[in-house]
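Right, one structure below, let's go through it.
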Amino acid sequence: MSSTATETLTTLATQLDGKQVRLLARMGQCANTSGLAPTHLQANLIILPSRYASDFRQLCARNPVPCPLIAESSGPGRWDAVRSYLPGVDGSKMLADVDIRRDAPKYNVYVSSKLVKRDCSDVVADWTGDHVAFLIGCSFSFETSLAAAGLTPLHTVMGRNVPMYRTSLPLCPAGVFTGSTYVVSMRAYRQNEIDTVRRITRSYAATHGEPIAWGWEALKTLGIDDIDAPQWGDSPLTRDGRPLGRLGGSDDLVPVFWGCGVTPQEAVMRAGLEGTVMGHSPGHMLLLDCRDADLVSS
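For the sequence shown, the numbering used here gives the first residue as 7, with consecutive numbering after it.
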């Protein structure tokens, strides 16, 4: 894609609001959501049979960094309304005119904890009156504030998806959800920028907050074998297009890791759940109507 075309798409993305992005997703005209509708919150999705809802709420309560629960369906089977857990933000302010089955750009579907459909455009045929959707805060939500400070993540600049990694950091178990680990997202920054990045993102506790680890030594701490081989998203590149791993050990650009809302999907796959479970495809979030100012103020 030419630089002119990229700039045009970036300009259009900044003019959208959350509802407009949802409508584009509903029509199959939306790709990954990083950088879309600046200041609007974005959410990860996990959709479960109602018998697992209580255990999942407990999983989120015990693991608030990778699994910050911000809302759920207003009742089993309700794909058109949510109950918000953000103070001062009710469900109608968070999401109006929504179809949770169609308003994320892409979905994954699991049956008996096995991935059976990847990157599908909707889950209308899979949804039942027994399903409950949970919305988990997404770190894309603080990227507007990072950009305002001159710290736009490289994946946004380059039109790529954020890289996400499976780690060896264990989750606190809850009910059927046992034996799982954190998933983390990564954004690379200069060593001398990390304090500012931490300060900016610290206010966004409901969208994973400040990073949990940073620096090249963090790969060993988190059990990540290869920075250039994420399990989800796109491999990280430097601004001039080189694999990030070629800078290993340098302070010029170091990996910075946040808790990631793909963690619940990983927990589902390890839990051996029965029935049909759905989630967003990593990097393809549900855009909300509320904004980052609502989050910080709450």
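Even glycine gets a Cβ: it sits at the ideal position worked out from N, Cα and C.
- Distance from the CA of Gln26 to the CA of Gly255, rounded to the nearest whole angstrom, comes to 42 Å.
- Taking 4 residues as the shortest admissible run, the segment 213 to 284 contains the following complete alpha helix (DSSP H) segments, listed from N- to C-terminal end: 224 to 228 and 269 to 277.
- When C-alpha distances from Gly215 are compared across Ser191, Leu253, Val163 and Gly135, the shortest belongs to Ser191.
- Taking C-beta atoms as the reference points, Val138 and Pro74 fail to come closer than 7 Å.
- At the C-beta level, Ser118 and Glu280 come within 7 Å of one another.
- Taking the CA atoms as reference points, Ala154 sits about 24 Å from Val95.
- With respect to Ile230, Leu250 sits apart: the two C-beta atoms are not nearer than 7 Å.
- Cβ atoms of Met284 and Ile53 come within 8 Å of each other, at about 4 Å.
- With a contact defined as Cβ atoms closer than 8 Å, Glu149 and Gly41 qualify at about 7 Å.
- Secondary structure of Asn38 (DSSP, three-state): coil.
- When Met164, Asp257, Pro159 and Met275 are compared, the shortest CA-CA separation from Thr207 is found for Pro159.
- If only complete runs of 4 or more residues are kept, the segment 114 to 155 shows the alpha helix (DSSP H) at 149 to 154, in order along the chain.
- Note on Ser287: 16 or more other CB atoms within 10 angstroms of its CB, so buried under the neighbour-count rule.
- Contact check for Arg68 against Ala212 fails: the beta carbons are separated by 7 Å or more.
- A straight line joining the alpha-carbon of Asn114 with that of Val122 spans about 8 Å.
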